[in-house]
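*Asks:*
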Amino acid sequence: MTELLKIRDLVVAFDAFHAIDGLDLTLEEHEVRFVIGPNGAGKTTLIDSITNLVRPTAGSILFAGEELLGKSEYAIVRTGIGRTFQKPSVFDELTVLENVDIAASFRLPFRSLLRRRKGISDEVAQTLGSVNLTDQSESPAGSLSHGQKQWLEVAMVLVQRPRLLLLDEPVAGMTEKERLHTGELVTRIAAEGTTVLVVEHDMDFVRRFAHKVTVMHEGKILTEGSVAEVQSNETVREVYLGRPRDARGAAEALT
Amino acid sequence: MEVILNQLFVGLSIASILLLVALGLTFTFGQMNVINMAHGEFIMAGAYTTYVLQTALGTGFLTLSFGLALPAAFLIAGTLGLILEFLVIRRLYGRPLDTLLVTWGVGLMLQQLARDLFGAQNVNVSAPSFLDGGLTVAGVSLSYSRMFIIGVVLFVVVAIALYMQRTPAGRRMRAVMQNRPLASVSGVRTRVVDRTTFFIGSGLAGVAGVGITLLGPVGPTLGLAYLIDAFLVVIVGGLGQLRGAILAALALGMANSFIEYNTSASIAKAGVFLLIVLFLQWRPQGMVVQQRRGLAS
Amino acid sequence: MNAVAKLLPSSAPKPSAFVVRFALMAVALLLIAPMVLSDFRLSLLAKFLCFAILAIGIGLAWGQGGMLVLGQGLFFGLGGYCMGMHMKIVDAGPGQLPDILTFSGQHESLPLLWVPFSSAWFAIPMAILLPMAIAALLGAAIFRQRIRGAYFAILSQALAGAFVIVLVGNQALTGGTNGLTNFQTFFGLSVTSPSDQRILYFVVAVVLLVVFLATRELALGRYGRLLLAVRDDEDRVRFLGYDPTRVKLVAYVVAAGLAGLAGALFVPVVGIISPAMLGIVPSVEMVIWVALGGRTALAWAAAGAVIVNTAKTNISEQFPSTWLYMQGLLFVVVILFLPKGIAGAVENLRALAARRQPPPAISRLTRRRPRAPAAAEESV
Ligand SMILES: Nc1ncnc2c1ncn2[C@@H]1O[C@H](COP(=O)(O)OP(=O)(O)O)[C@@H](O)[C@H]1O
Ligand SMILES: [Mg+2]
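Residue numbers (the working numbering), protein chains in the order written: chain C, 1 to 255; chain X, 256 to 552; chain W, 553 to 932.
1. Check whether the Cβ of residue 247 of chain C lies closer than 7 angstroms to any Cβ atom in chain W.
2. Got a sec: which bits of the stretch 737 to 750 of chain W sit with their beta carbon under 9 angstroms from any beta carbon on chain C, in order along the chain?
3. Give me the residue from W/802, W/821, W/781, W/710 with the minimum Cα distance to residue 140 of chain C.
4. If you drop the 5 nearest sequence neighbours on each side, which residues of the same chain put their C-beta closer than 7 angstroms to that of residue 499 of chain X?
5. I'd like the list of long-range same chain contacts for residue 779 of chain W, defined as Cβ closer than 7 angstroms, with 5 residues on each side in sequence excluded.
6. Going straight from the alpha carbon of residue 150 of chain C to that of residue 28 of chain C, what length do you get?
7. Under 7 angstroms between beta-carbons, which chain C residues line up against residue 781 of chain W? List them in chain order, please.
8. With C-beta atoms as the reference, is residue 879 of chain W less than 7 angstroms away from residue 363 of chain X?
9. For a cutoff of 7 angstroms on Cβ pairs, would you count residue 777 of chain W as touching chain C?
10. Starting from residue 271 of chain X, trace the alpha helix (DSSP H) both ways and give me its first and last residue.
11. For a test of the three-state rule: what should DSSP assign to residue 140 of chain C, helix, strand or coil?
12. For residue 2 of chain C, tell me which candidate among C/114, C/195, C/96 has the shortest Cα-Cα distance.
13. Any heavy atom of ligand 2 within a distance shorter than 6 angstroms of the CB on residue 43 of chain C?
14. Mind listing which residues of the stretch 860 to 873 of chain W have their C-beta closer than 9 angstroms to chain X's C-betas, in chain order?
15. Could you name the residues of the stretch 103 to 134 of chain C whose beta carbon sits closer than 9 angstroms to any beta carbon of chain W, in the order they occur along the chain?
16. Taking Cβ-Cβ distances shorter than 7 angstroms, what residues in chain W pair up with residue 83 of chain C?
17. Is residue 86 of chain C near ligand 2, in the sense that its beta carbon is under 6 angstroms from a heavy atom of that ligand?
18. Output needed for residue 925 of chain W: all residues of its chain with C-beta closer than 6 angstroms, excluding positions within five of it in sequence on either side, in chain order.
19. Please report the straight-line C-alpha distance between residue 14 of chain C and residue 81 of chain C, rounded to a whole angstrom.
20. Closest to residue 507 of chain X by CA distance: which of X/497, X/322, X/524 is it?
21. Just the chain W side, please: which residues come within less than 8 angstroms of residue 309 of chain X by C-beta, in chain order?
22. How many Å lie between residue 572 of chain W and residue 376 of chain X at the Cα?
23. For residue 698 of chain W, return the contacting residues in chain X, with the cut-off set at a CB-CB distance below 8 angstroms.
24. Say whether the stretch 816 to 826 of chain W touches the stretch 623 to 643 of chain W, bearing in mind that this needs 3 or more beta-carbon pairs closer than 8 angstroms, one atom from each stretch.
25. Locate the alpha helix (DSSP H) running through residue 818 of chain W, then write down its first and last residues.
26. Do you know whose CA, among X/264, X/529, X/257, X/258, lies nearest residue 509 of chain X's CA?
27. Using CA atoms only, rank isn't needed, just tell me which of X/275, X/262, X/349 is closest to residue 288 of chain X.
28. If you scan the stretch 846 to 883 of chain W from start to end, which runs of the alpha helix (DSSP H) of 4 or more residues do you find wholly inside it?
29. List, in chain order, every chain X residue whose beta-carbon is nearer than 8 angstroms to that of residue 703 of chain W.
30. List, in chain order, every chain X residue whose beta-carbon is nearer than 7 angstroms to that of residue 877 of chain W.
31. Give me, in chain order, the residues of the same chain whose beta-carbon lies closer than 6 angstroms to that of residue 753 of chain W; leave out the 5 immediate sequence neighbours on both sides.
32. Using 7 angstroms as the limit for Cβ to Cβ distance, is residue 804 of chain W near chain C?
33. At a cut-off of 6 angstroms, is residue 40 of chain C close to ligand 1 when judged by its beta-carbon and the heavy atoms of the ligand?
34. Run through the DSSP bridge pairs and tell me what residue 164 of chain C is partnered with.
35. Under 8 angstroms, CB to CB, which of the residues in the stretch 145 to 171 of chain C have a partner in chain W?
36. Going straight from the alpha carbon of residue 792 of chain W to that of residue 130 of chain C, what length do you get?
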């Protein structure tokens with residue numbers, strides 16, 4: 001297997017506070033990685049720094065051997081990285097179909113964007129189907145439920161066929177049924193060859209769909225391993241249950 | 256050397272008026288996200304307040320009427336601001352561009368009102384006798400009226416700084432500016448804070464209007480020229496920043512004064528604009544920036 | 553075609569409905585107006601149609617793209633002066649100086665700035681390209697740094713203000729506050745002859761119809777959707793792999809070009825171009841035309857320009873002071889109570905007629921969100 005994403009010594013500082021504090025992470029091609037950790041551990045900030053929404057203070061992020069730091073957001077997307085946001089963000093005033101369509105058109109030359117869309121490409125139609133939004137495709141995205149918006153957002157990244165997909169809490173606020181469907185979708189995406197990094201809070205969901213899990217705490221990697229390994233890890237329990245022990249020391253002891 | 260000192264003095268006096276106008280804008284913009292285009296008409300209201308007092312009291316009491324004009328203009332312009340906030344602006348929170356257009360309309364109506372009340376022609380306000388003439392120091396002539404304006408602005412800046420740093424009301428104001436939801440859940444009555452800010456900011460425009468009567472005649476459209484320049488001060492200084500506003504007003508005042516001296520008024524305007532756009536390439540958020548969390552929050 | 557595609561209707565409105573509406577508009581402009589209006593009124597309408605061309609540009613940049621362009625007078629003026637300089641040179645005749653330049657007594661021969669405008673092949677393209685170039689420079693500098701919203705509005709306004717000061721300050725070259733006036737001919741037409749003014753009216757009307765169709769295509773294309781997306785959430789668009797700077801720049805530059813075109817047509821129609829028509833105050837006025845018509849509907853934006861200017865001409869002739877109050881009130885009332893302009897009101901009336909009573913959900917929605925979602929496509 002080859003390394004797709006290689007993060008080394010990443011530091012993200014907000015003034016004196018280090019949201020990410022010397023983090024190393026490697027993702028293999030075709031891997032599905034779950035990242036868990038208590039609130040404020042820096043999970044969102046990790047995704048933000050891969051996609052240049054925040055500018056890291058130090059470190060390096062290599063994607064397929066190419067340095068991402070210093071690239072603009074859209075250039076990073078164009079190298080093949082797609083992301084969703086913790087708070088679902090779709091274009092409320094466009095229809096569901098138009099949302100997916102402009103996402104799908106991002107590689108078209110600018111000139112051809114000036115023309116009208118003719119019909120619906122198979123890819124867009126399929127993607128809409130895969131997130132169960134075919135019936136809503138003519139509705140404004142603003143009228144969707146919270147869960148449906150999250151799916152629409154996933155559809156918008158999926159249709160771009162990224163090599164690496166970054167999902168930030170994709171099932172937050174979803175019903176049980178929707179969670180199940182999302183989990184299956186993630187599994188299927190991975191089976192089709194996309195590398196996926198899922199940040200998730202919901203341990204049930206993680207237990208059900210994760211193989212390999214990375215635990216973050218206070219901007220560092222606490223540990224990595226299978227679900228069972230992580231769950232039986234003393235430090236992880238302490239971090240989650242918040243027992244009064246110096247987690248920073250624990251992290252150093254582990255890595 | 257004399258020339259340089261002279262232009263420094265002119266620049267300083269331009270800067271002080273700009274600052275007075277910009278203070279109100281930067282706080283209402285920074286705290287409430289409101290772009291108040293009627294601010295220029297509050298300046299005009301302050302200027303006409305001076306005129307009315309002077310006409311009412313007669314030319315024998317120039318000093319008295321001018322002294323009264325400062326607090327009166329503050330109160331009148333501040334009250335106008337409160338009325339505007341209550342009638343219009345509070346319906347538009349969260350729509351800054353729309354507040355811009357609505358307050359522009361209010362400004363047009365106020366201008367016309369001034370025309371109907373005082374005539375379309377400019378009126379002259381006489382300076383009190385103690386402001387006639389000036390000093391000549393090292394070959395530089397410092398007019399008393401410009402020195403007076405600088406003095407008033409210094410006083411205002413110190414007062415505002417003390418208000419924001421030392422009083423509970425000022426601390427609440429800073430809290431709302433930095434994080435409105437947090438301030439609100441911490442028990443700060445944000446509506447009251449907003450109204451206070453609006454009152455003070457508008458009142459300062461009135462004070463600026465009194466100062467401007469010392470520099471030339473007073474007319475219904477007096478405010479506009481100062482308004483746009485003051486907005487540029489806000490953009491260059493950084494939103495809601497006292498320190499930024501001071502620095503930016505000084506920078507723009509000096510740039511104006513020196514470019515104009517070396518070329519012409521029209522080139523100075525264009526030149527200053529170009530400098531601002533170039534500056535924004537380097538610091539798009541202005542001189543002094545407050546950190547805020549972006550998209551993902 | 554797959555199942556989904558069959559299931560979905562095409563999202564554009566039924567072409568026939570638009571074709572009918574457009575044909576009606578064309579008939580009204582090209583047949584009815586010239587038949588019923590006096591020479592004087594028709595030439596006034598020609599002037600308003602020039603404004604309508606400019607308004608379509610504002611509709612694109614502001615209504616579709618969310619960029620409040622407060623300095624369109626600058627571009628209108630550049631277009632007007634380019635055309636005006638050319639007409640002045642032609643009027644003066646070969647080897648002669650235009651009267652504007654002789655007043656100051658400073659010029660022996662045509663000043664360098666004026667020389668290229670002797671050629672129509674230079675002047676006419678410049679009337680459109682110069683505004684576009686300046687918009688491109690300013691826009692690139694501003695959008696690239698993610699300066700937007702009110703900041704952009706104020707900067708665009710300040711530039712228009714500076715432009716006017718430069719015009720006034722260089723009287724010997726530009727005619728100062730008087731601007732360029734006393735035109736005689738426009739490409740063989742006599743500017744003062746009523747019959748030639750009728751021809752000019754047709755030129756303006758046809759240009760307006762073409763501009764409307766072209767801009768509408770742009771707005772209905774993928775680019776138009778992308779522009780709406782940028783208006784909605786510029787930062788999100790970045791993470792779909794687009795550069796919003798480019799998206800915004802196109803709309804801003806097109807709007808500037810249309811303003812320049814409008815200015816170039818305005819000069820032969822009205823016979824004057826002067827700084828008083830271009831500064832900060834007139835530039836903001838242009839925005840209220842579009843706000844009244846409907847900022848998200850291009851046709852209504854154009855109509856708004858005609859409506860406001862008709863009202864202005866009629867009212868301010870008789871009660872100049874009343875008009876200024878009304879204009880101020882227009883800003884307040886439209887933005888507060890009619891955020892989608894007449895277009896929005898018409899839409900609500902239609903909904904009312906269709907359902908007998910307005911659906912409460914929708915009216916609440918429009919009250920809170922000035923730019924209501926769905927009908928964006930239909931209203932373009
Ligand atoms: N722009 C920012 N400014 C200041 N602090 C920030 C900013 N973004 C994130 N943080 C802080 O960084 C830490 C990590 O945040 P985040 O990555 O959102 O955590 P998670 O997603 O793991 O819950 C938090 O303490 C948060 O308050
Ligand atoms: Mg998070």
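Virtual Cβ for every residue (Gly too), placed ideally from N, Cα, C.
All figures in this text were calculated on a predicted structure; none of them were measured in a lab.
*Replies:* Result, derived from the coordinates:
1. Summary for residue 247 of chain C: the model assigns pLDDT 45, below 50, so the residue's position carries little reliability; its value from the coordinates is reported in the next sentence. Chain W contact via Cβ: absent.
2. The residues in question: there are none.
3. Checked all of W/802, W/821, W/781, W/710; the closest Cα to residue 140 of chain C is W/781.
4. If the five residues before and after residue 499 of chain X are omitted, its C-beta is found closer than 7 angstroms to the C-beta atoms of 492, 493, 541, 542, 543, all from its own chain and listed in chain order.
5. So the qualifying residues of the chain are 616, 617, 799, 803.
6. Distance between the alpha carbons of residue 150 of chain C and residue 28 of chain C is about 26 angstroms.
7. By Cβ distance, chain C contributes 91, 94, 102.
8. Their beta carbons are under 7 angstroms apart, which means residue 879 of chain W touches residue 363 of chain X by this criterion.
9. It does: the Cβ of residue 777 of chain W has a partner Cβ on chain C nearer than 7 angstroms.
10. The continuous alpha helix (DSSP H) containing residue 271 of chain X extends over residues 257 to 287.
11. Residue 140 of chain C falls in the strand class under three-state DSSP.
12. The candidate whose alpha carbon is nearest that of residue 2 of chain C is C/195.
13. Yes, since a heavy atom of ligand 2 falls inside the 6 angstroms radius drawn around the Cβ of residue 43 of chain C.
14. Cβ contacts with chain X come from 873.
15. Against chain W - using a Cβ distance shorter than 9 angstroms - the residues of the stretch 103 to 134 of chain C are 103, 105, 106, 107, 108, 110, 112, 113, 114, 115, 116, 117, 118, 119, 120, 121, 122, 124, 125, 126, 128, 129, 134.
16. Under the 7 angstroms cutoff, chain W gives 791.
17. At least one heavy atom of ligand 2 is nearer than 6 angstroms to the Cβ of residue 86 of chain C, so yes.
18. Residue confidence is low: residue 925 of chain W scores 37 on pLDDT, short of 50, so the model does not pin down where it sits. Its coordinate-derived value is still stated next. For residue 925 of chain W, where only same-chain residues beyond five positions count, there are no Cβ hits under 6 angstroms.
19. Rounded to whole angstroms, residue 14 of chain C to residue 81 of chain C spans 25 angstroms at the Cα level.
20. Of X/497, X/322, X/524, the smallest CA-CA separation from residue 507 of chain X is found for X/524.
21. Simply none; closest approach about 26 angstroms.
22. Near 52 angstroms, if we compare the C-alpha coordinates of residue 376 of chain X and residue 572 of chain W.
23. Under the 8 angstroms cutoff, chain X gives 539.
24. As far as the Cβ criterion goes, the stretch 816 to 826 of chain W touches the stretch 623 to 643 of chain W, which means the pair count is three or higher.
25. Here the alpha helix (DSSP H) through residue 818 of chain W covers 796 to 822.
26. Looking from the CA of residue 509 of chain X, the closest CA among X/264, X/529, X/257, X/258 belongs to X/264.
27. Residue nearest to residue 288 of chain X within the set X/275, X/262, X/349 is X/349 (criterion: CA-CA distance).
28. Annotation note: the stretch 846 to 883 of chain W contains the following uninterrupted alpha helix (DSSP H) runs of length 4 or greater, listed N- to C-terminal: 850 to 870.
29. Those are 490, listed as they occur along chain X.
30. Near residue 877 of chain W (Cβ distances below 7 angstroms), the residues of chain X are 364, 367.
31. Hits under 6 angstroms: 594, 598.
32. Not one chain C Cβ lies under 7 angstroms of residue 804 of chain W.
33. Flag set: Cβ of residue 40 of chain C near ligand 1.
34. According to DSSP, which records beta bridges pairwise, residue 164 of chain C is partnered with C/81, C/195.
35. Taking a C-beta cut-off of 8 angstroms against chain W, the contacting residues of the stretch 145 to 171 of chain C are 156, 160, listed in chain order.
36. Approximately 19 angstroms, taken between the alpha carbons.
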